[in-house]
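Below is one structure; the comments refer to it alone.
Following this line, the structure appears as structure tokens:
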């Protein structure tokens, strides 16, 4: 094989200038490359997800960079799995036997015994297994049987029934890589996005896949609200060590809606120590939230730990994904929606998955009430069946609600919306509020001005055009606007 005139490491160094760090670390850093013929450069990836993502999103940039280094030929992206243990691969991952003489790779998250002097967590006495929780092995009893430990995982939430699309591609891919254990460290993984976008489903899917892969793994899911209750209860009863024991030897901790620990200093203190212990043992932590880390109202040392991991954002589903969700949900509940009907619903319910599920549930109820067949469910029928939902959706938002939500998000006062202050901290949120009022409730420009201290309609037009333009160019602003739209419509 001829020696490559193009050093792949040099190509990767150049790519760091063009590809954002989170994307580079996830997709490019693990890749190896070599020239296999005068006109063919081969890139080796560890699984098909990486292969598909790089082909769709990053190959043009790689091709251009190779040209800058003097290579004009074709690129091949080939899956070449890393050596893995005998455990089954995660769903959707490519796995193969380890080469002869190769020591099996260690599982992504190994079972640990916790810090010296702390006993493994014990199951709560007389606490029945919830129907949705999977039993987990947590070590042998003295009589040779294994103790049962609840995971709190919902078994119905898996990767198999998680509808993927452009809006959640990165989050889903990273979740699968955590399960496969063949990528860089994503610890902690912080998944943020508005309500009803699948954050909880994805979190449970990661837990279920890892637990299925290794039944010995100690996995625990908890909502942030229940975690707060747990901390408060133990402190009220002065059973301080129980909270530490409960979380001391986990291999995977899943905490949902972490924004609910905001403003709770004692809970944040306990969580910080649990979090530090898990990272020291290289145990995985996955968090979900409805806002970005930088907007999370927690202690600086806790937010800095979150930011040291990987933050991924799930956007509202694009229309193709919404149609897929509707068709799948319809099949699950026994209703065969026509494509044009699913498309009509998808056009009118744009915010989250829960809205789509609710629309299907309403159609099922209407179908049963009127005793009609699936073929009778037309667009006209849907318009009538969902009339009340659509009316509520269009009337429940007001300018005042939008102003309040924007002020809370950017930590300014409502009075600042009506002031003449032009500092960036005030002016930008004010312009965003103007834009959202125009976008969400179609209020006239003069009427919008009346909600901002009588500002002239030309000022409102300028603000709307400015935010519209910046949204198309600034991905961070686009994400913030998506979140705000979700919060306003809750």
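In my numbering, the protein residues as written are 80 to 569.
Glycine included, each C-beta is placed from N, C-alpha and C at the ideal position.
These numbers come from a predicted model, not from an experiment.
For residue 563, which residues of its own chain have a beta-carbon under 8 angstroms away from its beta-carbon, when the five flanking residues on both sides are left out? Position 484 of the chain shown, counted from the start, is the residue given in the question as residue 563. Closer than 8 angstroms at the Cβ level, and outside the excluded window around residue 563, lie 484, 485, 488, 511, 515.
Report the partner residues of residue 390 according to the DSSP bridge assignment. For the purposes of this step, residue 390 is taken as the residue at position 311 of the chain shown. For residue 390, which the question treats as bridged, DSSP gives the partners 269.
By the 10 Å Cβ neighbour count, where 16 or more other Cβ atoms means buried, how is residue 95 classified, buried or exposed? Within the chain shown, the letter at position 16 stands for residue 95. Counting Cβ neighbours within 10 Å, residue 95 comes out exposed, since fewer than 16 surround it.
Check whether the Cβ atoms of residue 124 and residue 133 lie closer than 8 angstroms to each other. Your numbering for residue 124 matches position 45 in the chain shown. Your numbering for residue 133 matches position 54 in the chain shown. Against a cut-off of 8 angstroms, the Cβ pair of residue 133 and residue 124 comes out as a contact.
Do you know how far the Cα of residue 253 is from the Cα of residue 240? The count along the chain shown starts at 1 and reaches residue 240 at position 161. The count along the chain shown starts at 1 and reaches residue 253 at position 174. Rounded to whole angstroms, residue 240 to residue 253 spans 17 angstroms at the Cα level.
What does DSSP give as the partner residue(s) for residue 158 in the beta ladder? In the chain shown, counting from the first residue as 1, residue 158 sits at position 79. For residue 158, which the question treats as bridged, DSSP gives the partners 124.
So, under 8 angstroms CB-CB, residue 389 and residue 269 are touching, yes? Tell me the CB distance rounded to an integer number of Å. Sequence index remark: in the chain shown, residue 389 carries index 310 (1-based). Sequence index remark: in the chain shown, residue 269 carries index 190 (1-based). Right, their Cβ atoms sit about 7 angstroms apart.
Indicate whether residue 461 and residue 424 have their beta-carbon atoms separated by less than 8 angstroms. To locate residue 461, count along the chain shown from 1; it is residue 382. To locate residue 424, count along the chain shown from 1; it is residue 345. For residue 461 and residue 424, yes; Cβs fall inside 8 angstroms.
Measuring CB to CB, does residue 346 end up less than 8 angstroms from residue 278? Here the question's residue 346 lines up with position 267 in the chain shown. Here the question's residue 278 lines up with position 199 in the chain shown. No, these two residues do not count as a Cβ contact at 8 angstroms.
Under 8 angstroms: do the stretch 335 to 352 and the stretch 364 to 382 share three or more Cβ pairs, one atom per stretch? yes
Taking contact to mean 3 or more Cβ pairs, one atom from each stretch, closer than 8 angstroms, check whether the stretch 280 to 287 and the stretch 310 to 324 are in contact. no
Run through DSSP, which three-state label would residue 152 get? Looking up residue 152 in the chain shown gives position 73. Coil.
Suppose you measure from the CA of residue 136 to the CA of residue 144; what does that come to, to the nearest Å? On the chain shown, position 57 is the one that residue 136 refers to. On the chain shown, position 65 is the one that residue 144 refers to. So the alpha carbons of these two residues sit roughly 14 angstroms apart.
Take residue 541 as the anchor and find which of 552, 86, 527, 554 has the nearest alpha-carbon. Start at 1 with the first residue of the chain shown, and residue 541 comes out as number 462. The candidate whose alpha carbon is nearest that of residue 541 is 527.
Using only CA atoms, which one of 519, 447, 535 lies nearest to residue 412? Taking the chain shown and counting its residues from 1, one reaches residue 412 at position 333. Considering only alpha carbons, the answer is 447.
With 16 other Cβ atoms within 10 Å as the buried cut-off, status of residue 533: As a position in the chain shown, residue 533 is number 454, starting the count at 1. Residue 533 is exposed by the Cβ-count criterion.
What does DSSP give as the partner residue(s) for residue 335 in the beta ladder? Along the chain shown, one-based indexing puts residue 335 at 256. For residue 335, which the question treats as bridged, DSSP gives the partners 302.
First and last residue of the uninterrupted alpha helix (DSSP H) at residue 254: If you number the chain shown from 1, residue 254 lands on position 175. Run containing residue 254: 248 to 259, per the alpha helix (DSSP H) assignment.
Note the first and the last residue of the continuous alpha helix (DSSP H) segment covering residue 358. As a working note, residue 358 is residue 279 in the chain shown. Per DSSP, the unbroken alpha helix (DSSP H) holding residue 358 starts and ends at 344 to 359.
Quick one: grab the DSSP three-state call for residue 445. On the chain shown, residue 445 is found 366 positions in, with the first residue counted as 1. Helix at residue 445.
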